[in-house]
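A.B. asks:
Number of protein chains: 4
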Amino acid sequence: MTDVQNQTDKRGIKIQRTGITKLHLPLIISDGGKSQQVTAQIQFAVSLAANLRGTHMSRFAEILTARMTQPITPIEVEKILSTALKRLSTDFAEISLAFKFFVKKISPVSSKTSLSAVDCEFIGELSRGSRMKFTLGLIVPFTSLCPCSKEISEYGAHNQRSECRVKLTFADADKLGAVSIEKFVRLIEQQGSSEIYPLLKRADEKYVTEAAYQNLKFVEDILRDVVTELRHVDNLAAFEVECENFESIHNHNAFAGHREIL
Amino acid sequence: MTDVQNQTDKRGIKIQRTGITKLHLPLIISDGGKSQQVTAQIQFAVSLAANLRGTHMSRFAEILTARMTQPITPIEVEKILSTALKRLSTDFAEISLAFKFFVKKISPVSSKTSLSAVDCEFIGELSRGSRMKFTLGLIVPFTSLCPCSKEISEYGAHNQRSECRVKLTFADADKLGAVSIEKFVRLIEQQGSSEIYPLLKRADEKYVTEAAYQNLKFVEDILRDVVTELRHVDNLAAFEVECENFESIHNHNAFAGHREIL
Amino acid sequence: MTDVQNQTDKRGIKIQRTGITKLHLPLIISDGGKSQQVTAQIQFAVSLAANLRGTHMSRFAEILTARMTQPITPIEVEKILSTALKRLSTDFAEISLAFKFFVKKISPVSSKTSLSAVDCEFIGELSRGSRMKFTLGLIVPFTSLCPCSKEISEYGAHNQRSECRVKLTFADADKLGAVSIEKFVRLIEQQGSSEIYPLLKRADEKYVTEAAYQNLKFVEDILRDVVTELRHVDNLAAFEVECENFESIHNHNAFAGHREIL
Amino acid sequence: MTDVQNQTDKRGIKIQRTGITKLHLPLIISDGGKSQQVTAQIQFAVSLAANLRGTHMSRFAEILTARMTQPITPIEVEKILSTALKRLSTDFAEISLAFKFFVKKISPVSSKTSLSAVDCEFIGELSRGSRMKFTLGLIVPFTSLCPCSKEISEYGAHNQRSECRVKLTFADADKLGAVSIEKFVRLIEQQGSSEIYPLLKRADEKYVTEAAYQNLKFVEDILRDVVTELRHVDNLAAFEVECENFESIHNHNAFAGHREIL
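Chains as they are written, first to last, in the working numbering: chain A, 1 to 262; chain B, 263 to 524; chain C, 525 to 786; chain D, 787 to 1048.
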């Protein structure tokens, strides 16, 4: 059977990334020693030399299928990319694994336990001869309460659900074992006006309502507090932050965004 | 050229609906004499007799393309469906036109004018020999403020953006000329704790914050108030209501739903 | 603390459903003896008596949290709903659990094994004193190849990814143990022009291409073949089917839909 | 009334962007002398000096509301951003306007006219003292037919709907008047295996089927052909291209991506 993909290409364009996207697989994610089975949406690609017509699309699914039973950590992501470099005879590979990861939440007064879903993404980029560049993406929800609304109103203050989207790029591949989803979720959710919880009894609801009312934050305040925290994280090479408030007094949102290379 | 669609089918199954979906077209929507050009997402289908293999898919786009320059009202929807019955030689046709419709909002203190987008849907169903059954779908945003949170807390109260989704089915096709998008948007947005606005100056924000704090409503309260209003609407044959609060203290939503045939 | 939800309501409206929606939890789904951990999106609601102002929203999350470690089957769904009737002192409860479920696929020539994600939904509705009405929802992908395009063209034929969305409602609650996700996925995916697979080597791609080219089906053909199969399923009380082709020659889709009560 | 936003901030962080997002407004887009009213989704932001606590969120909606009746071109976008720099006393402003734009399509044999929706985005970035950097985003649909599938199969070949997403950044603000949505849509849709159309009669369907079967392209082929064309566009400073095939033989997609600074 002719291998049309392997034909020579004469257009002279090296393609930066070609591969598969929107593939779903069950994966085991390991975070700080604890494992969770997740449903991952996957994008997986390699660069393609200028003289080759196409890549071998079936090999991406093969490489992934072989890894489904082993816990995935950042270190394991580097091994997957390394396999791709070899199996697809190329010099650059990248992968994104996006999944909901569950973090335990204990309600602040009644101490009820529940699980909160956090949107999480592992992004790895590997060039032949280098160590992987690893980025952890998180979308962390919390509540925000508007300082202006409180200041100008005789009673009450508008508040709303907010989310903070971060992308954290790590500098030293040898320390990837210390990257912790849960640690960063905890760090970020504390920058809103109050944490939020799947399960709140009335005493908890009183606590959360009053806590938010005493911890006034514009979307810019939350962004700056997250930035301040991230500047102190060890081993971080770069970060992106976006905070978005689903405004209760508008049908559009307020947001703030910021990137830094450290 | 053989017309494969026109082949005889022997499976003996009359199909209830077959046609096209997710087609986008610019349409002119006429509401109470005022017209707006909108971007509509369209689903358009007919029934198919048991002895026919397939419908003629290109005719749906042809019928719609011919109507793009005329203002669409419920009465016009009936004409489109009537054309489909003839052109596709069938006894049932249905259409859904979904679009964002803009309603003028004037801020409560500074009287600043802005436009608020409401998700709107025209649904028509026509059986040969009958008049059309017409349904108006709306998604109307507002703010809600939790009575429990206010009651139990020393200060503040959690509030959030909410939306009310209604489907209003009209009884008497001769009175379709009186169906008004804007009238129903106004009716529904008044059932929340406060209306919301794209453009609010600080004096308006104070007004909205205080108004919501004095107009406490659970999601069930809003639902019941909408139901009470809809029971008094002339010419309504049936309605469905769903209210949903994007809870500021949780990462999930509270909702309430109800249907009635009048 | 005052329980505002428990206040008497005087509007005289019994609400059909009130509860929570878009809650995410990890659940264990058991299908035919085999279990999978999934990430479920959940809606959970009860009816509310006319004289009560609000339901107790925190109890939905409490009931669910207590069930996370037990395998969920249709029978287990009935127990969850029964608990809701008691804990929320009401006469009707309903739940929807939506999740991606993975089904093993073996490529037709090279016999490579991979996993295909199917969107799945368990819907239970329980009225006090009755047995549960259970509905299984599935979205099953396959490929479709257009008979008209093949007939009129000298070579080739347009084909595309398609999906079939079914909702299967079961009649006899005592036989819910026999409801099988995997069995219905297999039944439905065989009604397209060809099954599709996450992992295909070249010999498999040749097989799938040729198989589809010899198994021509309009969207109406697929719908009728699914309907014919479902009419013969034991213990089915009703079904809904929608087939949709993501047309490769248009930027809109063709679809067909049908419902029956058996 | 205290202006809390105007308070001094001591965290020492200049924020790169803060503003509003997911606002919807009707806008008039002017392209090559022809105007269309569209429904735009808008993000509009400015930078915020390190010593200021918050921006004035209401001014974004005010600036936009004042522009709704004038045709929007890239040059007009620059004026909007310039107004933002003044009204919000800052040194950087950016805006994104995303909308469906309709392009006329004439079917290849029967010459039937219809309109095809293209997802379009105007992105402007303006720093004080500079001219605007303008980026045109487009998502253009077409069909692709797999060379491998045709080569290895005795008959047929899998094909599918594809889309090409481009972001075109222009170098010389004085030549923005020559940026044409329609010209770039035409350029890109010709790089697939065949153009697609909302309205095709049978003679057209034969034409499109056969044209695609004779114009075989992997996702990498399409990408390279788009890149080749874009390298020759006047006045372009940079581009990003992503092509994605909604594979008819898989439930995931194939894609290729590439960026260049010219």
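No residue lacks a Cβ here, since even glycine has one placed at the ideal position from N, Cα and C. Remember, it's a predicted structure, so these values are computed and weren't measured experimentally.
(1) Output the residue ranges of the beta strand (DSSP E) runs that lie fully inside the stretch 604-661 of chain C and measure 3 residues or longer, sorted by chain position.
(2) Quick one: Cα of A/Glu208 to Cα of A/Leu200, how far?
(3) Would you mind reading off the limits of the alpha helix (DSSP H) that contains B/Ala465?
(4) What are the residues in the stretch 801-814 of chain D lying within 9 Å of chain A by C-beta distance?
(5) Across which residues does DSSP place D/His1044 in a beta bridge pair?
(6) Going by alpha carbons, who is nearest to C/Thr693 out of C/Ala641, C/Gly653, C/Glu753, C/Ile785?
(7) Identify the residues that DSSP records as bridge partners of A/Ala45: which are they?
(8) Assess, as a yes-or-no matter, whether the stretch 625-642 of chain C is touched by the stretch 1013-1031 of chain D under the definition of 3 or more beta carbon pairs within less than 8 Å.
(9) Find out if the Cβ-Cβ distance for the pair C/Ala780, C/Val751 is shorter than 7 Å.
(10) Exposed or buried, which one is D/Lys796 when buried takes at least 16 other CB atoms within 10 Å?
(11) From D/Leu883 to D/Ala836, what distance separates their C-alpha atoms?
(12) Along the stretch 183-217 of chain A, where does the CB come closer than 8 Å to a CB of chain C? Name the residues.
(13) Please confirm whether A/His158 has its beta-carbon closer than 7 Å to some beta-carbon of chain B.
(14) Does A/Ile249 have its Cβ less than 7 Å from a Cβ in chain B?
(15) Taking a cut of 8 Å between CB atoms, which residues from the stretch 105-138 of chain A lie near chain C?
(16) Could you list which residues in chain A have their beta carbon closer than 9 Å to that of D/Val1005, in chain order?
(17) Per DSSP, what kind of secondary structure is A/Ile28 in: helix, strand or coil?
(18) Can you tell me whether D/Arg947 is buried or exposed, with buried defined as 16 or more other CB within 10 angstroms of its CB?
(19) Considering only the beta carbon of each residue, do D/Val1027 and D/Val952 sit closer than 7 Å?
(20) Does any residue of chain A bring its CB to less than 7 Å from the CB of B/Arg427?
(21) So, is the C-beta of A/Lys175 closer than 7 Å to a C-beta in chain C?
(22) In the DSSP assignment, find the beta strand (DSSP E) that holds B/Lys429 and state where it starts and stops.
(23) Beta-carbon within less than 6 Å of A/Gln191's beta-carbon, same chain only, minus the 5 sequence neighbours each way: which residues are those?
(24) Since D/Ile881 meets chain A, which of its residues come closer than 7 Å, beta carbon to beta carbon?
(25) For A/Ile152, report the span of its alpha helix (DSSP H) as first-last.
(26) Rounded C-beta distance between A/Thr83 and A/Ile63? I'm assuming under 8 Å.
(27) Over what stretch of residues does the alpha helix (DSSP H) that includes C/Met581 continue unbroken?
(28) So the candidates are A/Arg53, A/Asp204, A/Ala171; which of them puts its Cα closest to the Cα of A/Ser107?
(29) Run down chain C in chain order and give the residues with a C-beta less than 7 Å from the C-beta of A/Arg34.
(30) Quick test of your reading: A/His56 and A/Gln41, contact by CB under 8 Å. State the CB separation rounded to the nearest angstrom.
(31) What is the DSSP secondary structure of B/Ile401, counted as helix, strand or coil?
(32) Give the DSSP-derived three-state secondary structure of B/Tyr334 in the structure shown.
(33) Kindly identify the DSSP beta-bridge partner or partners of D/Leu1022.
(34) To the nearest angstrom, how far is it from the Cα of D/Glu862 to the Cα of D/Met854?
(35) How would you list, in chain order, the residues of chain A whose beta-carbon sits under 9 Å from the beta-carbon of B/Ile443?
(36) Since C/His776 meets chain D, which of its residues come closer than 8 Å, beta carbon to beta carbon?
C.D. replies: The structure says:
(1) 616-630, 637-651
(2) In the sequence on display, residue 208 of chain A carries Val and not Glu. If I take the Cα positions, the gap works out to 9 Å.
(3) 464-475
(4) Taking 9 Å as the Cβ-Cβ cut-off against chain A, the residues of the stretch 801-814 of chain D that qualify are Ile801, Gln802, Arg803, Thr804, Gly805, Ile806, Thr807, Lys808, Leu809, His810.
(5) Beta bridge pairing from DSSP links D/His1044 with D/Val1027.
(6) Per the Cα distances, C/Ile785.
(7) Answer by DSSP bridge pairing, in chain order: A/Gly19, A/Glu94.
(8) no
(9) no
(10) exposed
(11) 27 Å
(12) Pro198, Leu199, Leu200, Lys201, Arg202, Ala203, Lys206
(13) yes
(14) yes
(15) Lys112, Thr113, Ser114, Leu115, Ala117
(16) Thr18, Gly54, Met57
(17) strand
(18) buried
(19) yes
(20) Output row for B/Arg427: interface = no.
(21) no
(22) 421-432
(23) The residues are Ile222, Asp225, Val226.
(24) Correct list: empty, because the minimum Cβ distance to chain A is about 13 Å.
(25) 147-152
(26) 5 Å
(27) 581-589
(28) A/Asp204
(29) This sequence places Lys at residue 34 of chain A; Arg is not what is there. The contacting residues do not exist; A/Lys34 stays about 13 Å from chain C at best.
(30) That belief does not hold up - the Cβ atoms of A/His56 and A/Gln41 are roughly 22 Å apart, past 8 Å.
(31) strand
(32) In the sequence on display, residue 334 of chain B carries Ile and not Tyr. If DSSP states are grouped into helix, strand and coil, B/Ile334 belongs with the strands.
(33) Paired residues: D/Phe956.
(34) Rounded to whole angstroms, D/Glu862 and D/Met854 show a C-alpha spacing of 11 Å.
(35) The premise fails here: B/Ile443 is roughly 16 Å from chain A at the closest Cβ pair, so nothing lies under 9 Å.
(36) The answer, in chain order, is Pro984.
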